[in-house]
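Novice: In this note's numbering, the protein residues as written are 1 to 467. For every residue, glycine included, the Cβ atom is placed at its ideal position computed from N, Cα and C.
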Ligand code: HEM
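In structure tokens, the structure reads:
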């Protein structure tokens, strides 16, 4: 049995600290380096088994299928005062393990059952229509802003039943502020509960944010209308003993749903539209597949028949998964991995992005080639943009429907093309990867064949674009 895992060299004197900071600053760069230099198993800091990367379907299965031994590790590197609103936002699925996770996950299942997902279709279409109504027939749009708007408004309508755009946008903006403050290094670096500090401002903000949630929950509890949105269904959900969620639990869980579902969906839409814009022949072929819809949004039955759309989305999520690395898993007991002994508490990093680029699984892995999905037979551990095992994404069906509808509606009505000299740098925040900044794209009538401008920026390191 080997005893020490090779990995990235530590910086002298600072030991593993610098490598840790490197990983949190640029997980994709660090994981890619470890994979290139050490293969499927490598430590973030050489010979330090407290944090290791394990890549490929075998390790994915070994870890993800064994949730008794490998707990989710989604802790923020900062603590909040006990009983404060900020601490209550931490009461959510990602922070739970074992029996508690199982119970909460079961209770959260109903709004995401296939039959209920289908019921969100009309609201999704109406919301996407509202956003697209503001697009010019020919002109430019900021792709990031527009995709974020679609995913935020869909979330607000389907999750909280907020139909009034201004109200939805106001709560959406609060949610975005919550997200950016929660990962703000200034909040974490100086956790001082003193007026004026970023930490204190975050605590105060959480109080106002929680009050807004409670207001929505109380209004829903007081209403006799049958629950149609996610919040309504969670309010009536019960465990095997008939116990319901408390208000605190509802705040934490619905807060998580927004955080987990909003950026991931927006980023997947951004990446897919960008890939389509840079692959005109794929764009045209998709337009041909969609032509029988005559400009309308597809029904459920029609969606099931749109095989090329399906292949395009799979290929986009293979190349640019919105979550390139998963939440870390923490071994409860000491364990062995790849012939190495690891202590209890050691953390394992798994990566859909690295797995999806293994040449033995995907030929010419950096190419965007949707046709490959006509023949690929993949296991859930080889293709896992939504994770795998008992913690697989709860909102997969929801996201999948929204992405398909939005793309089908956009591609039928516009030809999208990148503007000259567009720079697209990627950025991972938390565990999601999106564009560092927004960028303008040209939108044209669907029969236009716009000029193809080469893309610049770090996205080029992840995709081999045509010249
Ligand atoms: C394209 C969009 C999405 C992607 C790529 C995505 C990806 C993922 C992944 C990879 C995980 C597993 C993380 C891990 O095991 O470490 C996950 C978990 C989760 N996702 Fe999604 N997600 C998306 C959309 C959504 C939406 C729309 C919702 C809710 C409305 C949602 C709710 C959740 C929740 C609650 C979990 C935690 C599950 C648990 O711990 O049991 N996600 N997601």
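1) In terms of alpha-carbon separation, which member of 237, 41, 29 lies closest to residue 6?
2) If you pair each beta-carbon of the stretch 390 to 405 with each one of the stretch 416 to 423, do three or more pairs fall below 8 Å?
3) Work out the CA separation of residue 15 and residue 117 for me, nearest whole Å.
4) Any heavy atom of the ligand HEM inside 8 Å of the beta-carbon of residue 153?
5) Out of 56, 60, 77, 54, which has the shortest C-alpha to C-alpha gap to residue 24?
6) Whether or not the stretch 340 to 352 and the stretch 319 to 328 are in contact is what I'm after, with contact meaning three or more pairs of Cβ atoms, one per stretch, closer than 8 Å; do they touch?
7) Assign residue 468 to buried or exposed, taking buried as 16 or more other Cβ atoms, counted over all protein chains shown, within 10 Å of its Cβ.
8) Taking the C-alpha atoms as reference points, what is the distance between residue 183 and residue 430?
9) Residues bridged to residue 54 by DSSP?
10) Taking 8 Å as the cut-off, is the CB of residue 128 close to at least one heavy atom of the ligand HEM?
11) Taking Cβ to Cβ, would you say residue 12 is nearer than 9 Å to residue 45?
12) With a threshold of 8 Å, establish whether the CB of residue 209 neighbours any heavy atom of the ligand HEM.
13) If you count every other CB in all the chains shown that lies within 10 Å of the CB of residue 236, and 16 or more means buried, which is it?
14) With 16 as the cutoff for other CB atoms within 10 Å, does residue 194 come out buried or exposed?
15) Answer yes or no: do residue 312 and residue 275 have a C-beta to C-beta separation smaller than 9 Å?
16) Out of 113, 145, 380, 150, point me to the one whose CA is closest to residue 131's CA.
17) Using only the alpha-carbon positions, how far apart do residue 31 and residue 296 sit?
18) Tell me the rounded alpha-carbon separation between residue 365 and residue 164.
19) Quick check on the DSSP output: what are the complete beta strand (DSSP E) runs of length 3 or more inside the stretch 379 to 462, in order along the chain?
20) Using C-beta distances below 8 Å, list every residue in its chain close to residue 141, excluding the 5 sequence neighbours before and after it, in chain order.
21) Give me the residue from 367, 362, 282, 50 with the minimum Cα distance to residue 379.
22) Between the stretch 446 to 453 and the stretch 276 to 289, do at least 3 Cβ pairs fall closer than 8 Å?
23) Got a sec, what are the start and stop residues for the alpha helix (DSSP H) residue 335 sits in?
24) Just to confirm the assignment: which complete alpha helix (DSSP H) runs, minimum length 4, are found wholly within the stretch 294 to 339?
25) Can we count residue 101 as close to the ligand HEM, meaning its CB is less than 8 Å from some heavy atom?
26) Between 357, 424, 308, 392, which has its C-alpha nearest residue 373's C-alpha?
27) Residues in its own chain within less than 7 Å of residue 112 by CB, not counting five upstream and five downstream?
28) When DSSP labels each residue in this structure, what does residue 373 get in the three-state scheme?
29) Can you name the residues that DSSP bridges to residue 244?
30) Is DSSP giving residue 164 helix, strand or coil here?
31) Got a sec, what are the start and stop residues for the alpha helix (DSSP H) residue 92 sits in?
32) Could you tell me whether the stretch 87 to 103 touches the stretch 232 to 250, using the rule of 3 or more Cβ pairs below 8 Å?
33) Look at the Cβ atom of residue 411, then the Cβ atom of residue 26, and state whether they are nearer than 9 Å.
34) Ordered along the chain, which non-local residues of its own chain (more than five positions away) have a Cβ less than 8 Å from that of residue 192?
35) Does DSSP put residue 134 in a helix, a strand or coil?
36) Relative to the C-alpha of residue 483, which candidate in 465, 160, 445 has its C-alpha closest?
Specialist: Per the coordinate set shown:
1) With distances taken between Cα atoms, residue 6 lies closest to 41.
2) Using a C-beta cut-off of 8 Å, the stretch 390 to 405 makes no contact with the stretch 416 to 423, since fewer than three inter-stretch Cβ pairs fall below that distance.
3) So the alpha carbons of these two residues sit roughly 49 Å apart.
4) No - the ligand HEM has no heavy atom lying nearer than 8 Å to the Cβ of residue 153.
5) Measuring from the Cα of residue 24, the nearest candidate turns out to be 77.
6) In this structure the stretch 319 to 328 touches the stretch 340 to 352; the number of beta carbon pairs closer than 8 Å is three or more.
7) What the structure shows of the chain is the stretch from 1 to 467, and residue 468 is not part of that stretch, so it cannot be assessed.
8) If you take the alpha carbons of residue 183 and residue 430, they lie about 7 Å apart.
9) Answer is 41.
10) Every heavy atom of the ligand HEM is 8 Å or more from the Cβ of residue 128, so no.
11) 9 Å or more divides the Cβ of residue 12 from the Cβ of residue 45.
12) No, the Cβ of residue 209 stays beyond 8 Å of every heavy atom of the ligand HEM.
13) Exposed: under 16 other Cβ atoms inside 10 Å.
14) So residue 194 counts as exposed.
15) Result yes, Cβ atoms of residue 312 and residue 275 sit closer than 9 Å.
16) Of the candidates 113, 145, 380, 150, the one whose C-alpha sits nearest the C-alpha of residue 131 is 150.
17) Answer to the nearest angstrom: the Cα atoms are 42 Å apart.
18) Approximately 44 Å between the Cα atoms of the pair.
19) Within the stretch 379 to 462, the complete beta strand (DSSP E) runs of at least 3 residues are 415 to 418, 426 to 429, 432 to 435, 440 to 444.
20) Result list for residue 141: 135, 440, 441, 443, in chain order.
21) Nearest of 367, 362, 282, 50 to residue 379, Cα basis: 362.
22) Contact between the stretch 446 to 453 and the stretch 276 to 289 is present: 3 or more CB-CB pairs across the two stretches fall below 8 Å.
23) Per DSSP, residue 335 lies in no alpha helix (DSSP H); the unbroken beta strand (DSSP E) holding it starts and ends at 335 to 337.
24) Complete alpha helix (DSSP H) runs here, min 4: 300 to 305, 307 to 319.
25) Relative to the non-hydrogen atoms of the ligand HEM, the Cβ of residue 101 comes within a distance shorter than 8 Å of at least one.
26) Cα-wise, what sits closest to residue 373 is 308.
27) Only 394, 395, 397, 398 meet the Cβ criterion.
28) Note: residue 373 maps to helix in three-state DSSP.
29) Per DSSP, 238.
30) Shown here, residue 164 sits in coil according to DSSP, grouped into three states, outside any helix or strand.
31) Element bounds for residue 92: n/a, residue is neither H nor E.
32) Because the criterion of three Cβ pairs below 8 Å is met, the stretch 87 to 103 and the stretch 232 to 250 touch.
33) No, Cβ-Cβ distance for residue 411 and residue 26 is not below 9 Å.
34) Short of 8 Å from the beta carbon of residue 192, and not among the five residues preceding or following it, lie these beta carbons of its own chain, in chain order: 199, 200.
35) Assignment of residue 134 by DSSP, reduced to helix, strand and coil, places it in the coil class.
36) What the structure shows of the chain is the stretch from 1 to 467, and residue 483 is not part of that stretch, so it cannot be assessed.
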